[in-house]
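Asker: Each residue of the sequence shown is one higher than the last, beginning at 1 in my numbering.
Pasting a structure here, questions to come.
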Amino acid sequence: MASVLVVEDDQFVRSALIRHLTDAAHTVRSVGTALEALREVAHFRFDLVILDLGLPDLDGSEALKMLRGITDVPVIIATARDDETEIVRLLNAGADDYLTKPFSVEHLSARIAAVLRRARTGGEAPPPAVLRVGGLTVDPLRRQAELDGARLDLTRREFDLLAFLAGRPGVVVPRRELLAEVWQQSYGDDQTIDVHLSWLRRKLGETAARPRYLHTLRGVGVKLEPPSDGQVPR
1 MASVLVVEDD QFVRSALIRH LTDAAHTVRS VGTALEALRE VAHFRFDLVI LDLGLPDLDG
61 SEALKMLRGI TDVPVIIATA RDDETEIVRL LNAGADDYLT KPFSVEHLSA RIAAVLRRAR
121 TGGEAPPPAV LRVGGLTVDP LRRQAELDGA RLDLTRREFD LLAFLAGRPG VVVPRRELLA
181 EVWQQSYGDD QTIDVHLSWL RRKLGETAAR PRYLHTLRGV GVKLEPPSDG QVPR
């Protein structure tokens, strides 16, 4: 059971979410505006926030940034927007996951379970040693990464993805395994992985057309390995 805040201005959708979450034994509070959501998280402790983007007072993406300024509570975005640029912006702003409307209650339940599982078990395993792949250094304990001595500004999910791949240098990791180990999901949309890989490549100073560290094998998976001789330095 979890304490969930639903931020949704559509009364029909809001009622359906409240009913489903309550039936699943969660404790639910709900609001219809971004400002109300900020007041709620300032006064109550939540395990999860489900945030709509089309709010009447502030766009949900702005509300997300404001939420991240006062709490690290996991946030699932519920949106009708499926533009990749928008999704990247939301994930980079601190969203833990997103769902494109309309979605089934089963899909919502699976995403909630995965996000809560990550939040509750993320710190239980002993941290591994510092990982080094070429000029890339990843420190899981401090959750810091550097490339050629320069600190990388990574989101939480970008760091998790990079650390997982850095722990298996040269190994092609299937997308299904990435979803299971990094996202804690047994199934999902490949776009979730592609968005994070695209954003991570930018921060590593490379592109899909000219990879240095991150290599995608179409239809197989992804691997991280040190640049080969002759590649252009960052």
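C-beta atoms are modelled at their ideal positions from N, C-alpha and C, and glycine is treated no differently.
1) Less than 7 Å separating the beta-carbons of residue 178 and residue 224?
2) Going by beta-carbon coordinates alone, are residue 46 and residue 5 separated by less than 7 Å?
3) Pick from 91, 51 and 66: whose alpha carbon is nearest that of residue 77?
4) Over what stretch of residues does the beta strand (DSSP E) that includes residue 147 continue unbroken?
5) Give the DSSP bridge partners of residue 30, in chain order.
6) In the DSSP output, which residue or residues are listed as bridge partners for residue 78?
7) Whose CA, out of 181, 30, 176 and 49, lies closest to the CA of residue 9?
8) Classify residue 221 as helix, strand or coil using the three-state DSSP reduction.
9) Note down the Cα distance separating residue 61 from residue 53, rounded to an integer number of angstroms.
10) Just the Cα atoms here: how many angstroms apart are residue 215 and residue 39?
11) Buried or exposed for residue 158, please, with buried defined as at least 16 other CB atoms from any protein chain shown within 10 angstroms of its CB.
Answerer: Reading it off the structure:
1) Sequence index remark: in the sequence shown, residue 178 carries index 178 (1-based). Sequence index remark: in the sequence shown, residue 224 carries index 224 (1-based). No. Outside cutoff.
2) Taking the sequence shown and counting its residues from 1, the one referred to as residue 46 is at position 46. Taking the sequence shown and counting its residues from 1, the one referred to as residue 5 is at position 5. Yes, the Cβ-Cβ distance between residue 46 and residue 5 is below 7 Å.
3) As a first step, residue 77 must be located in the sequence shown, where it is residue number 77. When each option's Cα is compared against that of residue 77, the closest is 51.
4) Taking the sequence shown and counting its residues from 1, the one referred to as residue 147 is at position 147. Looking at the DSSP string, the run of the beta strand (DSSP E) that includes residue 147 is 144 to 147.
5) By one-based count along the sequence shown, residue 30 stands at place 30. Answer by DSSP bridge pairing, in chain order: 6.
6) Indexing the sequence shown from 1 puts residue 78 at position 78. DSSP lists 52 and 99 as partners of residue 78.
7) In the sequence shown, the residue the question calls residue 9 occupies position 9. Closest option to residue 9, Cα to Cα, is 30.
8) Walking along the sequence shown from the start, residue 221 turns up at place 221. The answer is strand: DSSP assigns residue 221 an E or B state.
9) In the sequence shown, counting from the first residue as 1, residue 61 sits at position 61. In the sequence shown, counting from the first residue as 1, residue 53 sits at position 53. Their Cα atoms are separated by approximately 6 Å.
10) The sequence position of residue 215 within the sequence shown is 215, counting from 1. The sequence position of residue 39 within the sequence shown is 39, counting from 1. Cα-Cα distance, rounded: 44 Å.
11) In the sequence shown, residue 158 corresponds to position 158, counting from 1. Looking at its Cβ environment, which holds 16 or more other Cβ atoms inside 10 Å, residue 158 is buried.
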